[in-house]
Amino acid sequence: MIPSKTDNVVYRKVAGETILVPVHGDVAKMKKIYILNNLGEFIWERIDGRKSVDEILDEIVENFEVTRDEARKDLNEFINSLKERNLVEEAP
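Per the numbering used here: the sequence shown = residues 1 to 92.
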């Protein structure tokens with residue numbers, strides 16, 4: 001799978017944190033702001049519609065002290081949670 005960000009979210013770095021804000025039309029759903037941890041931010045920055053989940057997984061293993069199995073589990077959970085919220089989709 002190659003994940004891609006949808007148009008349903010804006011993200012900003014504020015005070016050193018990455019914040020995701022789901023939007024509908026021009027109205028931000030301010031009650032549903034998501035603040036990403038370091039790993040979430042790392043993954044979010046790599047979701048570009050070109051990199052596969054396996055490529056992102058390789059980068060996680062290279063940059064974090066984590067086993068490949070643990071990284072795969074965390075990555076899949078994060079991607080699935082973003083998909084459930086319509087913040088990412090499979091790239092065409």
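In this text, a Cβ means the ideal position worked out from N, Cα and C, and glycines have one as well.
{"Item": "Can you have a look at Ala71 and say buried or exposed, based on whether 16 or more other CB atoms are within 10 angstroms of its CB?", "Value": "buried"}
{"Item": "Could you round the C-beta distance between Leu57 and Leu36 to whole angstroms and report it? I think they count as a contact, below 8 Å.", "Value": "With a Cβ gap of about 17 Å, Leu57 and Leu36 do not count as contacting."}
{"Item": "In the DSSP output, what is Val88 paired with across the bridge?", "Value": "Lys5"}
{"Item": "Is DSSP giving Val61 helix, strand or coil here?", "Value": "helix"}
{"Item": "Leu87: which of Glu55, Ser52, Ile47 and Thr67 sits nearest, CA to CA?", "Value": "Ile47"}
{"Item": "Which one of Arg50, Glu41, Val61 and Glu62 has the shortest CA to CA distance from Thr18?", "Value": "Glu41"}
{"Item": "Which residue marks the beginning of the alpha helix (DSSP H) containing Ile43, and which one marks its end?", "Value": "Asn38 to Arg46"}
{"Item": "Report the three-state DSSP secondary structure of Val21 (helix, strand or coil).", "Value": "strand"}
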